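Data first, discussion second: the structure below is written as structure tokens.
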Amino acid sequence: MKDKYELAKAAGELREHLGEDDRSPIDVFRLIHSIEELTLVLYPMGEHISGMCLKNLNDVLIAVNSSMTYGRQRFSLAHELYHYFYEDMATVICTQDIGTANEIERDANGFASFFLAPPSALAKKIREIKSAQKALDLIGVIKLEQFFGMSRQAMLFRLLEEGVLSQQEADTMRTQIIYHALALGYDDTLYRPLPEEKARMTYGSYIKRAEELLRRGLISNGKFEELLLEAFRADIVYGLDEGGELID
1 MKDKYELAKA
11 AGELREHLGE
21 DDRSPIDVFR
31 LIHSIEELTL
41 VLYPMGEHIS
51 GMCLKNLNDV
61 LIAVNSSMTY
71 GRQRFSLAHE
81 LYHYFYEDMA
91 TVICTQDIGT
101 ANEIERDANG
111 FASFFLAPPS
121 ALAKKIREIK
131 SAQKALDLIG
141 VIKLEQFFGM
151 SRQAMLFRLL
161 EEGVLSQQEA
171 DTMRTQIIYH
181 ALALGYDDTL
191 YRPLPEEKAR
201 MTYGSYIKRA
211 EELLRRGLIS
221 NGKFEELLLE
231 AFRADIVYGL
241 DEGGELID
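FYI, the numbering for the sequence shown is 1 to 248, going by my numbering.
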């Protein structure tokens with residue numbers, strides 16, 4: 001198992017490789033579009049699987065369980081990026097349990113946490129919160145998870161690893177998650193799955209390659225539409241667009 005310094009270094013290097021600094025929140029779903037060979041599939045996978053990574057020499061497919069909360073999906077995508085960039089296994093299927101995984105999965109979890117919340121950025125936010133509130137309480141934890149876009153489970157996992165919270169303190173923060181966030185004026189998007197119309201989607205290389213095959217005349221328009229429908233992209237095939245486009 002790698003130590004946290006190795007994992008933090010790897011997370012920082014990948015951030016830099018993808019054009020991000022180590023001080024700010026990160027939109028991990030947007031970043032995957034800069035990885036040319038990557039196809040991302042969102043699909044509801046039930047209660048036990050968080051995601052998977054399948055790769056060969058030229059392509060990689062990452063699938064994320066869209067029945068999880070959006071915050072957890074962000075963590076799972078960062079987790080799968082670790083398997084892609086830093087592990088040799090061709091196929092990895094990952095469970096939802098963050099805390100009791102094997103060594104490889106714990107490394108990927110640690111990497112994901114550092115990727116979403118770099119050590120220096122997290123430490124700075126904790127100092128700011130403690131300066132204003134004197135202690136890192138539930139309100140402070142909600143501020144952290146909202147700032148870094150992390151689920152409650154992932155944030156508590158990180159704060160426990162850092163020794164910022166005790167197990168007893170963390171256990172008091174595992175209920176009424178949405179209620180407390182709403183009561184502080186936050187949107188609840190982070191704590192819920194994506195909308196039903198976004199729960200089955202494919203992005204990235206697969207879509208671009210299908211379009212390229214059509215453009216080069218290597219497949220018919222009918223085959224192109226078939227490929228898109230198999231990838232849950234009826235919105236492209238049928239031009240689904242409620243309300244039209246806004247140019248602002």
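Beta carbons: idealized from backbone N, C-alpha and C, even for Gly. Here the structure is a predicted model, which is why all the values come from computation and not from measurement.
Where does the unbroken alpha helix (DSSP H) through residue i begin, and where does it stop?
i: Val250; result: Residue 250 is absent from the structure shown; the chain starts at 1 and stops at 248.
i: Leu136; result: Run containing Leu136: none; DSSP gives neither H nor E here.
i: Val104; result: Val is not the amino acid found at residue 104; the sequence shown has Ile there. Here the alpha helix (DSSP H) through Ile104 covers 103-116.
i: Arg15; result: 4-17
i: Ala231; result: Run containing Ala231: none; DSSP gives neither H nor E here.
i: Glu80; result: 70-86
i: Leu182; result: 177-183
i: Arg30; result: 28-31
Since residue i and residue j should fall inside the 8 Å C-beta cutoff, what is the C-beta to C-beta distance between them, to a whole number of angstroms?
i: Ser120; j: Ala154; result: Actually they do not touch by this definition, with Cβ atoms about 18 Å apart.
i: Phe85; j: Leu116; result: In fact, because the Cβ distance is near 15 Å, the residues do not count as touching under 8 Å.
i: Met150; j: Gly51; result: That belief does not hold up - the Cβ atoms of Met150 and Gly51 are roughly 16 Å apart, past 8 Å.
i: Glu200; j: Arg174; result: What sits at residue 200 in the sequence shown is Arg, not Glu. No, Arg200 and Arg174 are not in contact; Cβ-Cβ is about 29 Å, not under 8 Å.
I'd like the span of the beta strand (DSSP E) that includes residue i, first residue to last.
i: Asn65; result: 60-65
i: Leu42; result: 38-43
i: Gly51; result: 49-55
i: Ile93; result: 91-95
i: Gly204; result: 201-204
Mind checking whether residue i and residue j have CB atoms under 8 Å apart?
i: Ala231; j: Ile207; result: yes
i: Ser66; j: Pro193; result: yes
i: Ala90; j: Leu54; result: yes
i: Gly204; j: Ile98; result: no
i: Ala11; j: Pro118; result: yes
i: Cys94; j: Ile49; result: yes
i: Leu190; j: Ala210; result: no
i: Gly140; j: Gln133; result: yes
Looking only at C-alpha atoms, which of the options sits nearest to residue i?
i: Arg106; options: Asp248, Lys4, Gly19; result: Lys4
i: Ala183; options: Leu138, Met1, Glu197; result: Leu138
i: Glu196; options: Glu16, Arg15, Met68; result: Met68
i: Arg30; options: Glu37, Glu169, Leu18, Asp22; result: Leu18
i: Lys2; options: Val64, Gly110, Gln96; result: Gly110
i: Leu136; options: Lys198, Ser166, Ala8; result: Ser166
i: Leu38; options: Ile142, Thr189, Asn56; result: Asn56
i: Glu87; options: Phe148, Ala8, Ile104, Gln73; result: Ile104
i: Lys198; options: Asp22, Gln73, Arg23; result: Gln73
Quick check: the region 216-225 against the region 179-189, are there 3 or more CB pairs under 8 Å? no
Does the contact criterion of 3 or more C-beta pairs under 8 Å hold for the region 59-69 versus the region 222-230? no
Below 8 Å, how does it come out for the region 147-163 and the region 39-47: are there three or more Cβ pairs, yes or no? no
Three Cβ pairs or more, each shorter than 8 Å: is that satisfied between the region 81-98 and the region 127-146? As far as the Cβ criterion goes, the region 81-98 does not touch the region 127-146, which means the pair count is below three.
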